[in-house]
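Chains as they are written, first to last, in this note's numbering: chain A, 1 to 115; chain B, 1001 to 1113. Glycine is no exception: its CB is placed at the ideal position from the N, C-alpha and C atoms. Since the structure comes first, as C-alpha cells, the remarks are kept for the end.
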Amino acid sequence: DAGITQSPRHKVTETGTPVTLRCHQTENHRYMYWYRQDPGHGLRLIHYSYGVKDTDKGEVSDGYSVSRSKTEDFLLTLESATSSQTSVYFCAIRPAGGGLDNEQFFGPGTRLTVL
Amino acid sequence: SQQGEEDPQALSIQEGENATMNCSYKTSINNLQWYRQNSGRGLVHLILIRSNEREKHSGRLRVTLDTSKKSSSLLITASRAADTASYFCATASYSGGYQKVTFGIGTKLQVIP
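The following block contains the structure:
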C-alpha cells in the first residue's frame, strides 16, 4: 500500500456539518490525489497536489477544499457536507521519478455517509 | 465525463477460462494503465503501457494498445477465483506540466470456481 493511510476509515455525519479527511504517506512523494468513487462513475478526481502548498482542482471539486502544509499529509475538507457527498474517498500518491510513466498507489479508502 | 470506458461492465467466467476486458478512450494519451480493485479495498496497479507500445505482458496479463482506434484490451489467461475483482483502465496525459489520469467506470469480473 506504499505507506498510505487514510483516516477516518468510516464516518457518518449530518448534512451541513464540516468534515475533514486525512491522507498520510510515509515516503515523501511529491504528488498526492483525492478521488471519490461512486457506482456508475468510477473514480473521479477531486483535487490534487504537486507539492507543499501547491494544489489544483480536479473534475469534481465543487464543495471540497484541500490543504497540504506538510509533504506527508493531504487533507480534504467538506465545508458543509451534503448528501450528494456520500461516497467512498480514496487518496493516492504518485512517485515523481520515472517521468510520466509511473503508476499511482492508493490508500484503503474512507467511506463517508452524509445523512 | 470519463475518458476511459470499459466493456463489458460485468463478466462472469469459469475458472481456467480467459477473460478479456476492453477500454476505449477519446483523446490522445501518454500511457494507459490497468488497475484491479477487490471489494472494499483500494485500487492496485497491474500494468502500464506507453503510447508508443502495442503490447505488454506481465505474468498472466496481456495488454494491447491501439492508439489509432483509441482502445486497449486486458487479457487475463487461465483465470482463478482470486482474480474476481473490478478492473479499471486509466488514461494518463500530460496537461499543463502535470500528469492527468482519468479512470473508467470499470469491469466487474467474477470467476466461478
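Within 9 Å (strictly less), CB to CB, does B/A1090 reach chain A? Among the CB atoms of chain A, one or more fall inside 9 Å of the CB of B/A1090.
Spatial neighbours of A/V52 within its chain, please: C-beta separation below 8 Å, excluding the five flanking residues on both sides. Taken in chain order, the residues that qualify are R68, S69, K70 and T71.
Look at the alpha carbon of A/S87 and the alpha carbon of B/R1060, and state the distance between them as a whole number of angstroms. As the crow flies, the alpha-carbon of A/S87 is around 33 Å from that of B/R1060.
Euclidean distance between Cα positions of B/P1008 and B/A1019: B/P1008 and B/A1019 have their C-alpha atoms some 11 Å from each other.
Go ahead and pull the three-state DSSP assignment for A/Q104. A/Q104: coil per DSSP, three-state reduction.
Considering only DSSP beta bridges, list what B/E1055 is partnered with. DSSP output for B/E1055 lists B/T1064 as bridge partner(s).
Tell me the rounded alpha-carbon separation between B/V1063 and A/D62. So the alpha carbons of these two residues sit roughly 35 Å apart.
List the residues of chain B that A/T108 touches, going by C-beta distances under 7 Å, in chain order. Note that residue 108 of chain A is Pro in the sequence shown here, rather than Thr. R1041 and G1042, listed in chain order.
Strictly under 9 Å for the Cβ-Cβ distance: is A/E72 near chain D by that measure? This model lacks chain D altogether; the protein chains it does include are A and B.
Residue nearest to B/C1023 in terms of C-alpha spacing, selected from B/N1031, B/G1104, B/L1043 and B/Y1035: With distances taken between Cα atoms, B/C1023 lies closest to B/G1104.
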